[in-house]
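Mapping of the sequence shown onto the working numbering: position 205 corresponds to residue 205, and the numbering continues sequentially without gaps. Here is the structure we will look at.
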Amino acid sequence: MAARTERKVRTCCCCIPVRAGVGILAWLYFLGGTASVVLAVMILKQDTSDMEIGVKALVIALGSLSAFLVITSMFGIIATIGQSPRFARIWSIMFQIWYYLQLALDIAVIALFFSKKLDSLIVECTSLAAKRRPKGSEIENCNRGRNRLSLFYTLSGVVRNAIGYYFTRRVSSFTRHCAERSANRGLAAPAQMTAISGRVNVLNVQGGHQASADSLQGAKAV
Numbered sequence: 001m002a003a004r005t006e007r008k009v010r011t012c013c014c015c016i017p018v019r020a021g022v023g024i025l026a027w028l029y030f031l032g033g034t035a036s037v038v039l040a041v042m043i044l045k046q047d048t049s050d051m052e053i054g055v056k057a058l059v060i061a062l063g064s065l066s067a068f069l070v071i072t073s074m075f076g077i078i079a080t081i082g083q084s085p086r087f088a089r090i091w092s093i094m095f096q097i098w099y100y101l102q103l104a105l106d107i108a109v110i111a112l113f114f115s116k117k118l119d120s121l122i123v124e125c126t127s128l129a130a131k132r133r134p135k136g137s138e139i140e141n142c143n144r145g146r147n148r149l150s151l152f153y154t155l156s157g158v159v160r161n162a163i164g165y166y167f168t169r170r171v172s173s174f175t176r177h178c179a180e181r182s183a184n185r186g187l188a189a190p191a192q193m194t195a196i197s198g199r200v201n202v203l204n205v206q207g208g209h210q211a212s213a214d215s216l217q218g219a220k221a222v
């Protein structure tokens, strides 16, 4: 039973060893976070006077969260290379913080969709802002487009956060793996020293017996 538990802890998705799996994960999140930061900076560098407050706040939040993910992934890369329990623990804590912040951001985005703060991102609603008296069919199309986009974002967010939660568990498993590895190395050193000390004592005893035997033989010869 213990062997099965050990196997679950030491593997990642698709039976990949936990170190290799979380190492790939750290690099993917690092590259993805870097790309998101660059994208957010490029958007904010443009003229944002016509941008809605909700959209601008969303871009800033996404850029900040992506920058935090880049820093978190750097700790993960260092942890997977050196298998340091300290860096692995820091990575696990920071990754969990990022996950819950990402979850909160997804909930905020869904709330902004339903409060009509992100209508500028919906194709069917962009033409309504310039019209004082939009037609009923145009309003219907806008509502339909908003509901469709919010539903898609909600479903994709559920899948994305479920996968993210699984990855947080794998990172925690890697933290335990590093701690067990460090503990086993710490226990192996005293055991080796004890074995070496035992061998030295055996050699000393054998040497003492040999010296006594030589002394007796010398006495008989005399």
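Note that the Cβ used here is the ideal one computed from N, Cα and C, for glycine as well.
Exposure label - residue i; buried when at least 16 CB within 10 Å
i    : result
L151 : exposed
V22  : buried
Y166 : exposed
R277 : Outside the shown range of the chain, which is 1 to 222, sits residue 277, and nothing can be said about it.
A195 : For A195, the pLDDT reaches just 49, beneath the cut-off of 50, and the residue's location in the model is therefore unreliable, although a value from the coordinates is still provided. So A195 counts as exposed.
A40  : buried
F75  : buried
M94  : buried
C142 : buried
C178 : buried
L63  : First, the residue type needs correcting, since residue 63 is Gly and not Leu in the sequence shown. Looking at its Cβ environment, which holds 16 or more other Cβ atoms inside 10 Å, G63 is buried.
S173 : buried
C125 : buried
I139 : exposed
V159 : exposed
V171 : buried
I122 : buried
V38  : exposed
L25  : buried
Beta-carbon spacing of residue i, residue j below 8 Å
i    : j    : result
G157 : D106 : yes
L65  : L101 : yes
W27  : F68  : no
R19  : T80  : yes
T175 : S115 : no
G54  : L155 : no
V59  : T34  : no
E256 : S120 : In the structure as shown, the chain starts at 1 and stops at 222, and residue 256 therefore has no counterpart that could be examined.
I78  : F30  : no
Where residue i falls: helix, strand or coil (DSSP)
i    : result
A191 : Annotation note: pLDDT 47 at A191 (below 50); position unreliable, no value reported.
P17  : strand
L118 : coil
What ranges does the alpha helix (DSSP H) occupy inside the segment 41–71, keeping only unbroken runs of at least 4 residues that lie completely in it?
If we require 4 residues or more, the segment 41–71 turns out to have no alpha helix (DSSP H) run fully inside it.
Uninterrupted beta strand (DSSP E) stretches inside the segment 160–188 (no shorter than 3 residues)
With a minimum length of 3 residues, no continuous beta strand (DSSP E) run stays inside the segment 160–188.
Assess contact between the segment 108–126 and the segment 82–93, defined as three or more Cβ pairs (one per stretch) separated by less than 8 Å. Is contact present?
No: fewer than three Cβ pairs fall under 8 Å.
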